[in-house]
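Numbering (mature numbering (1 follows the signal peptide of the UniProt record, and there is no 0)), first residue to last: -24 to -1, 1 to 257.
Below, the structure is given as structure tokens:
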């Protein structure tokens, strides 16, 4: 589902009655096996997977970083964090491009208050910016999955948060990676970035939000928050982060899954086709 509600409405709803308010009841993922009994309990194990392909310009990369850092430091995030049963989350942040190109910027860290949130935000901001070729959302999902088994936390939910400005054009089809992750109880949410007009040179597509809805996100309560203007960049990131920590779905189902046609509105292989048409391989 897509979501356009402001961050203020989200926080007000979450805070009004602990974790109830005007938001829908939490959608828990299927139970995840092989948990470590000695692991620290957290409300969510959150993987932030951020696109750094060449279609993202340097300014977008910088604003994206700042958006995550500011969101983690915000009072909205902190209020939501403390409404959870454990009052803490575990988070890791990595950047991705091609199927074989992922770089962890922030190893798993606990956020349980303002000091730890600020430390995580600082570490994200201090990492050098980089760009790389190709766009493999499937590669990002496949890279994220083992990270859940490599941390010292036991989350009530496991979430992969993917942001990007183009379709998968490298690695296995994105739907295969998505379905494998969802089968293991992981929820995938999306942040499609649509601040520029689609360009053949960067292999962008129209209706990237539909592509993310139909081909990328998955799992109970999964959702998309779309960015269509640069001045909404940071607010959208903060909105999505608050929703993920709250474990809530948007109050209005804009595109109910049950109402969708069986065939995706945008081909889930559109990125691969564009690459083939352009480069012949």
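Backbone N, C-alpha and C define an ideal beta-carbon position, used for all residues, glycine too. Small disclaimer: the values here were computed from a predicted structure and weren't measured.
Checklist entry - According to the neighbour-count rule (16 or more other Cβ atoms, all chains shown, within 10 Å of its Cβ), is residue 253 buried or exposed? => result The count along the chain shown starts at 1 and reaches residue 253 at position 277. Exposed is the call here.
Item to check | Residues near residue 126 by beta carbon distance below 8 Å, same chain, minus five either side | outcome: Counted from its first residue, the chain shown places residue 126 at position 150. Residues of the same chain with a CB within less than 8 Å of the CB of residue 126, apart from the 5 flanking positions on each side, are 84 in chain order.
Checklist entry - Should residue 128 go down as buried or exposed, given a rule of 16 or more other Cβ atoms within 10 Å for buried? => result Mapped onto the chain shown, residue 128 falls at position 152. Classification of residue 128: exposed, given that the 10 Å Cβ count is below 16.
Checklist entry - From residue 135 to residue 166, what distance separates their C-alpha atoms? => result Counting from 1 along the chain shown, the entry for residue 135 is found at position 159. Counting from 1 along the chain shown, the entry for residue 166 is found at position 190. Straight-line Cα distance between these residues: approximately 11 Å.
Checklist entry - Smallest Cα separation from residue 213: which of 118, 40, 54? => result Counting from 1 along the chain shown, the entry for residue 213 is found at position 237. Here the closest residue by C-alpha is 40.
Item to check | Beta-bridge partners of residue 68, as assigned by DSSP | outcome: What you label residue 68 is simply residue 92 of the chain shown in a count that begins at 1. Residue 68 is bridged to 23.
Checklist entry - So is residue 163 buried or exposed if we call it buried at 16+ other beta carbons inside 10 Å? => result The residue given as residue 163 occupies position 187 in the chain shown. Taking every protein chain shown into account, the CB of residue 163 has 16 or more other CB atoms within 10 angstroms, so this residue is buried.
Checklist entry - Any idea which residues DSSP pairs residue 165 with across the strands? => result On the chain shown, residue 165 is found 189 positions in, with the first residue counted as 1. The beta-bridge partner set that DSSP reports for residue 165 consists of 137.
Next on the checklist: Counting C-beta neighbours from all protein chains within 10 Å, is the total for residue 72 16 or more, i.e. buried, or is it exposed?
Outcome noted: Indexing the chain shown from 1 puts residue 72 at position 96. Burial call: buried.
Checklist entry - How many angstroms separate the CA atom of residue 8 from the CA atom of residue 148? => result Translated into the one-based positions of the chain shown, residue 8 becomes position 32. Translated into the one-based positions of the chain shown, residue 148 becomes position 172. Because residue 8 sits at a pLDDT of 49, beneath the cut-off of 50, its placement in the model cannot be relied upon, and the following sentence gives the value as read from the coordinates. One C-alpha to the other measures close to 24 Å.
Checklist entry - In or out: residue 207 buried (at least 16 other Cβ within 10 Å) or exposed? => result Translated into positions along the chain shown, residue 207 becomes position 231. Residue 207 sits exposed, since fewer than 16 C-beta atoms from the chains shown fall within 10 Å of its C-beta.
Item to check | Contact under 8 Å by Cβ, residue 45 with residue 120 | outcome: The residue you call residue 45 lines up with position 69 of the chain shown. The residue you call residue 120 lines up with position 144 of the chain shown. By the CB criterion at 8 Å, residue 45 and residue 120 fall outside the cutoff.
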